[in-house]
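Inspection log for the structure reproduced underneath, given as structure tokens.
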Amino acid sequence: MPEKKDYYEVLGVPKDSSEKDIKGAYRKLAMKYHPDRSEEPDAEEKFKELSEAYAVLSDPEKRQKYDQFGHAGINSQYSQEDLFRGVNFEDLLRGFGFGGAGGGGRGGGESIFDMFFGGGGRGQQARGRDLRYDVTITLEQAGTGLESTIEVPRTENCSTCHGSGAKPGTNPTTCSNCRGSGQITRAQNTPFGQMVTSSACPKCGGRGQIIVTPCGDCSGSGRMRKNRKINIKIPPGVEDGQHLKLRGQGDAAGPGMENGDLYVVINVRPHPMFQRVESDLLLETPISFTQAALGTELEVPTLGGRAKMKVPAGTQTGTVFRLRGKGMPRLQGLGAGDLHVKVRIKTPPTLTERQKQLLEALAVEFGEKRKKQTEKEKSLIDKIVDEVKSAVQ
Ligand SMILES: [Zn+2]
Ligand SMILES: [Zn+2]
Numbered sequence: 001m002p003e004k005k006d007y008y009e010v011l012g013v014p015k016d017s018s019e020k021d022i023k024g025a026y027r028k029l030a031m032k033y034h035p036d037r038s039e040e041p042d043a044e045e046k047f048k049e050l051s052e053a054y055a056v057l058s059d060p061e062k063r064q065k066y067d068q069f070g071h072a073g074i075n076s077q078y079s080q081e082d083l084f085r086g087v088n089f090e091d092l093l094r095g096f097g098f099g100g101a102g103g104g105g106r107g108g109g110e111s112i113f114d115m116f117f118g119g120g121g122r123g124q125q126a127r128g129r130d131l132r133y134d135v136t137i138t139l140e141q142a143g144t145g146l147e148s149t150i151e152v153p154r155t156e157n158c159s160t161c162h163g164s165g166a167k168p169g170t171n172p173t174t175c176s177n178c179r180g181s182g183q184i185t186r187a188q189n190t191p192f193g194q195m196v197t198s199s200a201c202p203k204c205g206g207r208g209q210i211i212v213t214p215c216g217d218c219s220g221s222g223r224m225r226k227n228r229k230i231n232i233k234i235p236p237g238v239e240d241g242q243h244l245k246l247r248g249q250g251d252a253a254g255p256g257m258e259n260g261d262l263y264v265v266i267n268v269r270p271h272p273m274f275q276r277v278e279s280d281l282l283l284e285t286p287i288s289f290t291q292a293a294l295g296t297e298l299e300v301p302t303l304g305g306r307a308k309m310k311v312p313a314g315t316q317t318g319t320v321f322r323l324r325g326k327g328m329p330r331l332q333g334l335g336a337g338d339l340h341v342k343v344r345i346k347t348p349p350t351l352t353e354r355q356k357q358l359l360e361a362l363a364v365e366f367g368e369k370r371k372k373q374t375e376k377e378k379s380l381i382d383k384i385v386d387e388v389k390s391a392v393q
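Position one of the sequence shown corresponds to residue 1 (our numbering), numbered consecutively onward.
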């Protein structure tokens, strides 16, 4: 963060300037940098800087604190909102061709507040509430990505009165108690100096306006509950627990105020076959003893279909084979992970008589000690071995 500029420097005035000179300097620069009329690329930043400098130097108490302690004296004492409170920007900028017209309260002062506090400055919630919506998808859907429509219950500005709460054709009046600021500020003298406290105006509830004729559709609240259909696009490769942020799709807070955001949280259901580790998938597949010993080509399931996999002769149980690129797509669009297939040798739980004889013969071939065979069994085994020999030749 760059260091904060000296307020006098910002306004281009000497430290001993009179209130009148400060005001004159501000008006001149504000006209040049007002974001509504300036072509300068950093006009808004400049205008903000100017206005803050003016807000401090035009207030004798704040100016004294600034002169004595610099920015530290201001930052420790005042919130951003406190800094600007009490400065009537609307009056100051009247006659510049922006703001102040119409008397509807949408003057220069308010738009300055809008700019500095994202629509706040009236003691109300400056922004609508953020919302969370949970979506559960399958691993296959996470693999391909998904476009869908969700129905989100949320608070919207009333479409009849556009959030003002006043019946169309009527206007809310400015609250006389707080003069439209929505805040009641009290200054108290304490042993530590003057303490300024502010609270929401009780008469208008912090809105700054009194609704004389309430809108019939929202009973004057300006807000309505709606189930809003929203299209979402879940990218391929999304992981369990990740979220989409949909800006401005949360609750509405009022006219001219920013909506909250909508967070769509993606839950990916566990898969009965595949286990996921980031962009890789793990699969366990049974193979027979003979497949493992002799080698084979297997067809294994992948997330999107099937793939062929070579199992070399002499494969041990627990061996993991990697199928490149058959895992989950990577979120950043950089290819896909791998599918790791672990083979497990399955012992047949039952055998036919013939299978049993064959395995007995094999056991003898391996030099394993077997129970004594009858002549009849021996000749049967010899016969089967001959059969097998001729079959593989
Ligand atoms: Zn309404
Ligand atoms: Zn009020």
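C-beta atoms are modelled at their ideal positions from N, C-alpha and C, and glycine is treated no differently. Predicted model only: the values in this text are computed from it and were never measured.
By the neighbour-count definition (other C-beta atoms within 10 Å, threshold 16), MET257 is a buried residue. Three or more Cβ pairs drawn from the region 157-166 and the region 254-268 lie within less than 8 Å of each other, which places the two stretches in contact. For SER219, the secondary structure class from DSSP, reduced to helix, strand or coil, is coil. A straight-line Cα-Cα distance of about 12 Å links ARG129 and PRO153. Taking the Cβ of THR160 as the reference point, at least one heavy atom of ligand 1 falls within a distance shorter than 6 Å. Per DSSP, reduced to three states, the secondary structure at LYS4 is coil, with no helix or strand assignment. PHE321: member of the beta strand (DSSP E) spanning 320-323, first to last residue. One thing to note: GLU297 has its Cβ within 7 Å of the Cβ of LYS310. Those residues placing their Cβ nearer than 6 Å to any heavy atom of ligand 2 are, following chain order, CYS175, ASN177, CYS178, GLY182, CYS201, LYS203, CYS204, GLY208.
Per DSSP, the unbroken beta strand (DSSP E) holding GLN275 starts and ends at 275-277. Note that the C-beta distance between LEU146 and ILE234 is below 7 Å. ASN189 sits in a strand when the DSSP states are folded into three classes.
Residue side-chain check: ASP217 places its Cβ nearer than 6 Å to a non-hydrogen atom of ligand 1.
With three or more CB-CB distances shorter than 8 Å, the region 261-280 counts as touching the region 130-137.
Along the length of the region 39-85, whole alpha helix (DSSP H) runs at least 4 residues long occupy 43-57, 60-69, 71-75, 80-84, reported in chain order. One thing to note: THR302 has its Cβ no nearer than 7 Å to the Cβ of LEU362. For the pair MET328 and GLY318, the CB atoms are not nearer than the 7 Å cut-off. Under the three-state reduction of DSSP output, LEU359 falls in the helix class.
DSSP lists ALA200 as the beta-bridge partner residues of GLN183. About 11 Å separates the beta carbons of VAL341 and THR315, which is beyond the 8 Å limit, so they are not a contact pair.
Looking at the DSSP output, GLN209 shares a beta bridge with THR174. Counting the other Cβ atoms within 10 Å of the Cβ of MET224 gives 16 or more, which makes it buried. Annotated three-state conformation of LEU139 is helix, per DSSP.
The C-beta distance from CYS178 to CYS204 rounds to 6 Å, short enough to fall under 8 Å.
Between the alpha carbons of GLN188 and ASP21 lies a gap of roughly 30 Å. In terms of CA proximity to ASP82, GLU61 leads the group GLY70, GLU61, LEU92.
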